[in-house]
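First up is the structure itself, then whatever we jot down about it.
Number of protein chains: 2
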Amino acid sequence: MTIQLSTLSNGLTVVTDSFGNVETAALGVWVSVGSRHETKEMNGISHMLEHMAFRGTANQTAQEIAEKIEAVGGHLNAYTTRESTAYYARVLSKDIPLAVSILADILQFPVFREEELERERAVILQEISQIHDSPDELVFDYLQETAYPHQPFGRPVTGQANVVSHLNREQIKSYMMQNYSADNMIFAAAGKVDHQQLVTMMETQFSMVTPETHRIVSLARYVGGDFCTQKELEQVHLILGFQGVDLNSSDYYTASILSTLLGGGMSSRLFQEVREKRGLAYGIHSFASSASDTGLFGIYTSAGPQEAQNLLPVVCDELLKVASTLKEEEISRSKNQIKASLLMTLESTSARCQQLAFQMMTYGRPLDPAEIIDRIDAVESQDISRLATRIFSGSPTLAAVGPVRHLMSYDKLCERLGCAVPKTASIKSVG
Amino acid sequence: MTIQLSTLSNGLTVVTDSFGNVETAALGVWVSVGSRHETKEMNGISHMLEHMAFRGTANQTAQEIAEKIEAVGGHLNAYTTRESTAYYARVLSKDIPLAVSILADILQFPVFREEELERERAVILQEISQIHDSPDELVFDYLQETAYPHQPFGRPVTGQANVVSHLNREQIKSYMMQNYSADNMIFAAAGKVDHQQLVTMMETQFSMVTPETHRIVSLARYVGGDFCTQKELEQVHLILGFQGVDLNSSDYYTASILSTLLGGGMSSRLFQEVREKRGLAYGIHSFASSASDTGLFGIYTSAGPQEAQNLLPVVCDELLKVASTLKEEEISRSKNQIKASLLMTLESTSARCQQLAFQMMTYGRPLDPAEIIDRIDAVESQDISRLATRIFSGSPTLAAVGPVRHLMSYDKLCERLGCAVPKTASIKSVG
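Protein chains in written order, with my numbering: chain A, 1 to 431; chain B, 432 to 862.
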């Protein structure tokens, strides 16, 4: 076993996977806080805090941080999701101490200067505009907002422009105090890394992290409905979503197999029916995304207005018939696809580092790859069939942007899928 | 040395890099043919041929190909550029024979059935529409068309919809015959791979490839000009381009260092000036892209109409002053960034496989990483200074899409940069 696990005296967990035959390492801190922990009035603050962490500390300016890491050819980056915020680096092994010292500094001693805050606010407003010009990204925000209306979990990670325009320094500082505690953080590293050296380094350098904080997270409640926005584009960019499974569900790998089998590759049912047999779209794929207490199962595609109109009934039919027409051959193929991806993850320092952090945040322990493979192998045809019936009989979410005027209506979609229109559905059809 | 090189009896080159401690391999065939080898009437045929290779052979259907590779958890994919077409797979090491047999089949025995051709044509037309909805991709096609007007090298890889609508089976077959010869192909593999076994396998399976063909490639001629299209978007997506260096230029690594230093990371001059000091854009980066006989040096960004208007003079000033204000510290930082990236490439099976194929196509031999590092280290401040002066005094290319009405005019841009408006500039300002 090359995985090692330690806990610092303040409670911060350190997990590493030491690879042979590489000269580089990926390492970072994952904090269990994201946009779902925000109130409506502070939507976007996790993401803004992530940006501000790079904007200077008590010890160095933003430019000095950038220059130090890049002087050794390293990369430093960060991202925010609905449930987590990550700060990570990729460096040559000899530069691990430098990367650790920078991560320690930006996560414990950021100063959030007013002037820097105003500039970073302008940058984030540009980032939000950029998403609005990317229909393939925008439609995912529409999906989330419609699947989880009026809830933190439904709001965009970057926040709305009008909220981001008003977030202030004190709010950001206090949000950090409330959420960046050792019990909410995982330090992960993979590649050419010496676990014990790393732990010794971190014990000194991460000593100012508060051991723990308490907070209440509201559970996400899937609702569904439709959100179709008319926009002058060549294609309709659309997602058909359903309530999926959460990270702790015994159906987690079943959902993953169902998604692979329906839209996970060239041999999948949707790719074959929509692209290969009918030429209706260039790309179509399904996804099963899971969070701690909920999940989405979705199908994404983009196609011209006529093609989008024609493909939606084809997709519905495939979803309806999958439970009763499963073949052992396609199940085995999907399992092999997932298992091979897993093996490829183990060979990449950055993918492996991220996977370890994710497992620690979700399950409190690193999962043995053999254990994951056993769970995948244990899934049987009737499990997939039962899950497909459950998922596709639930209320759908239809999110679309583009020339949507002739797209199947939400009522007709529910009728075609044989499910009732949800009473509380958030119908926001525009155009 | 873990790199091995062989030539099959028909002249096809096989290059491999065998890694320790991995269980997977990346492998594929790179053909030295792309959109620059097409006439105007056949623009898009290299890309269409790449799509059609997957649509069935004399021995198996498209669906059988997809199912076979995915049954073992492998991936099979392809892409077309202006100078090359690649067909590649990623598999567990034990499945290399399967991947080789599929590659051999699709590259020697495709049947191009009429019915399949019509469906694939529809898929490609959807792919072209998708690019039109992605301003960050579309603007690169505008750049190319304006930098190299009325030339094969300036046309889009996917082709124009009206040309793609008419390409026929006979044209595709004859284009393949003319271009897919052993002297134009490289087989590359990296990861857990046994060179000798692979060569033996390939000698039998790739025996039907024509040894050589003759063709004339017209040289690319950089012109420059502007192509700004008004479109209802939140941001202006823009590229400011210049004539750069070709792959065989002694300034190849100099251009790479200049690009890194100007816009290659967080510490780069443009990122610092445009984003960090002024908050004018979320992203800005520069690139030095090279082809066999020409190259482009460009700066890409996207920003709101007001911000785009404000940032263009800032970018011009940075370009003008770089030659006379180079610091040893930033040169050394840029070199380290390039060298660290190179090391990271050596640790990824797919990046390494692609790199080896590229080196064989370009230089006819794999480059020793130490040799590349020596060439990077040999670049001096005055080389960068001389190259910057040469590049930024040439005719610029301005490509933009979005709310472009208030963007600096091309004439003003040339004036600001102190260069004359090119006489033959292809000015295509719309809106």
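Heads up, the beta-carbon is just placed ideally off N, CA and C, and yes, glycines get one too.
No experiment lies behind these values; they were computed from the predicted model shown.
| Host beta strand (DSSP E) of L12/A (start-end) | Where L12/A is concerned, there is no enclosing beta strand (DSSP E), given that its DSSP letter is neither H nor E.
| message | Counting only Cβ pairs nearer than 9 Å, list the residues of chain B close to T24/A. | response | At a C-beta separation below 9 Å, T24/A has these neighbours in chain B: A771, L774, M775, E778.
| Out of A712/B, V624/B, L829/B, which has the shortest C-alpha to C-alpha gap to S733/B? | Closest by C-alpha distance to S733/B, out of A712/B, V624/B, L829/B, is A712/B.
| For A281/A, the three-state DSSP class (helix, strand or coil) | Three-state DSSP puts A281/A in coil, outside helix and strand.
| task | Give the straight-line distance between the Cα atoms of Q126/A and G735/B, rounded to the nearest whole angstrom. | result | Going by C-alpha positions, Q126/A is about 7 Å away from G735/B.
| request: Mind checking which residues open and close the alpha helix (DSSP H) that includes Q790/B? | output: Here the alpha helix (DSSP H) through Q790/B covers 780 to 794.
| field | Where the alpha helix (DSSP H) through R386/A begins and ends | value | Where R386/A is concerned, the enclosing alpha helix (DSSP H) stretches over 381 to 392.
| task | Report the rounded CA-to-CA distance for H837/B versus Y579/B, giving the unit in angstroms. | result | Answer to the nearest angstrom: the Cα atoms are 25 Å apart.
| field | Closer than 9 Å to chain B by CB, A399/A | value | No - not a single Cβ of chain B is within 9 Å of the one on A399/A.
| Under three-state DSSP, which class holds G862/B? | Low local confidence applies: a pLDDT of 38 at G862/B is under 50, so the model's placement there is unreliable, with the coordinate-based value given in what follows. Of the three classes helix, strand and coil, the one that applies to G862/B here is coil, per DSSP.
| field | V430/A at chain B interface by Cβ criterion, 9 Å | value | Unreliable positioning characterises V430/A in this predicted model, as indicated by a pLDDT of 44, which lies under 50. The coordinate reading is nonetheless provided below. No - not a single Cβ of chain B is within 9 Å of the one on V430/A.
| message | Does any residue of chain B have a CB that is nearer than 9 Å to the CB of P313/A? | response | For P313/A, the answer is no, since every Cβ of chain B falls outside 9 Å of its Cβ.
| N- and C-terminal bounds of the beta strand (DSSP E) containing R90/A | Unbroken beta strand (DSSP E) run through R90/A: 85 to 92.
| Residue from L49/A, V401/A, G28/A, F54/A whose Cα sits closest to the Cα of Q230/A | The alpha carbon of Q230/A has as its nearest neighbour, out of L49/A, V401/A, G28/A, F54/A, the alpha carbon of V401/A.
| request: Quick one: give me the first and last residue of the beta strand (DSSP E) that T229/A is part of. | output: 225 to 230 is the span of the beta strand (DSSP E), which, as asked, contains T229/A.
| said: Residues of chain A with CB closer than 7 Å to the CB of E663/B, please, in chain order. | reply: By Cβ distance, chain A contributes E232.
| request: Tell me whether the beta-carbon of V274/A lies closer than 9 Å to the beta-carbon of V315/A. | output: Against a cut-off of 9 Å, the Cβ pair of V315/A and V274/A comes out as a contact.
| field | Extent of the continuous beta strand (DSSP E) to which A489/B belongs | value | For A489/B, there is no enclosing beta strand (DSSP E), as DSSP marks it with neither H nor E.
| Residue environment, G420/B, which counts as buried when at least 16 other CB atoms sit within 10 Å | A question about residue 420/B goes unanswered here, because the residues of chain B that appear run from 432 up to 862.
| message | Please list the terminal residues of the continuous beta strand (DSSP E) segment that includes Q243/A. | response | Here the beta strand (DSSP E) through Q243/A covers 236 to 243.
| field | Proximity test, Cβ basis, 9 Å: V91/A and chain B | value | Judged by the 9 Å Cβ criterion, V91/A is in contact with chain B.
| field | Residue environment, N599/B, which counts as buried when at least 16 other CB atoms sit within 10 Å | value | Around the beta carbon of N599/B, fewer than 16 other beta carbons lie within 10 angstroms, which makes this residue exposed.
| request: Anything in chain B within Cβ reach of V123/A, meaning under 7 Å, just list it in chain order. | output: R706, G710, Y713, listed in chain order.
| Got a sec: which bits of the segment 290 to 319 of chain A sit with their beta carbon under 9 Å from any beta carbon on chain B, in order along the chain? | Residues S302, A303, G304, E307.
| request: Tell me whether N508/B is buried or exposed, calling it buried when 16 or more other Cβ atoms sit within 10 Å of its Cβ. | output: That one is exposed.
| request: Quick one: using the 10 Å Cβ neighbour count with 16 as the cut-off for buried, is R434/A buried or exposed? | output: As shown, chain A starts at 1 and ends at 431. That puts residue 434/A outside it, with no answer to give.
| request: Work out the CA separation of G265/A and A868/B for me, nearest whole Å. | output: Only positions 432 to 862 of chain B appear in this structure, which leaves residue 868/B out of reach.
| request: Would you mind reading off the limits of the alpha helix (DSSP H) that contains I331/A? | output: Its alpha helix (DSSP H) spans residues 328 to 346.
| task | Can you give me the Cβ contacts of L798/B inside the same chain, cut-off strictly under 7 Å, excluding the 5 residues immediately before and after it? | result | When the five nearest sequence neighbours on each side are left out, the beta carbons in the same chain lying within less than 7 Å of the beta carbon of L798/B are those of Q790, in order along the chain.
| Straight-line gap, L296/A to E481/B (C-alpha atoms, nearest Å) | Taking the straight line joining both Cα atoms gives about 34 Å.
| query | What residues are listed by DSSP as bridge partners for V832/B? | reply | For V832/B, which the question treats as bridged, DSSP gives the partners T660/B, H668/B.
| Along chain B, which residues have their Cβ under 9 Å away from the Cβ of H132/A? | Those are L664, E665, Q666, listed as they occur along chain B.
| To which residues does DSSP link H75/A through a beta bridge? | DSSP output for H75/A lists R90/A as bridge partner(s).
| message | Going by DSSP, what residue range makes up the beta strand (DSSP E) through V29/A? | response | Its beta strand (DSSP E) spans residues 24 to 31.
| field | Boundaries of the beta strand (DSSP E) in which G263/A is found, first to last residue | value | Unbroken run through G263/A is the alpha helix (DSSP H), 252 to 263; no beta strand (DSSP E).
| query | Where does D842/B land, buried or exposed, given buried means 16+ other C-beta within 10 angstroms? | reply | That one is exposed.
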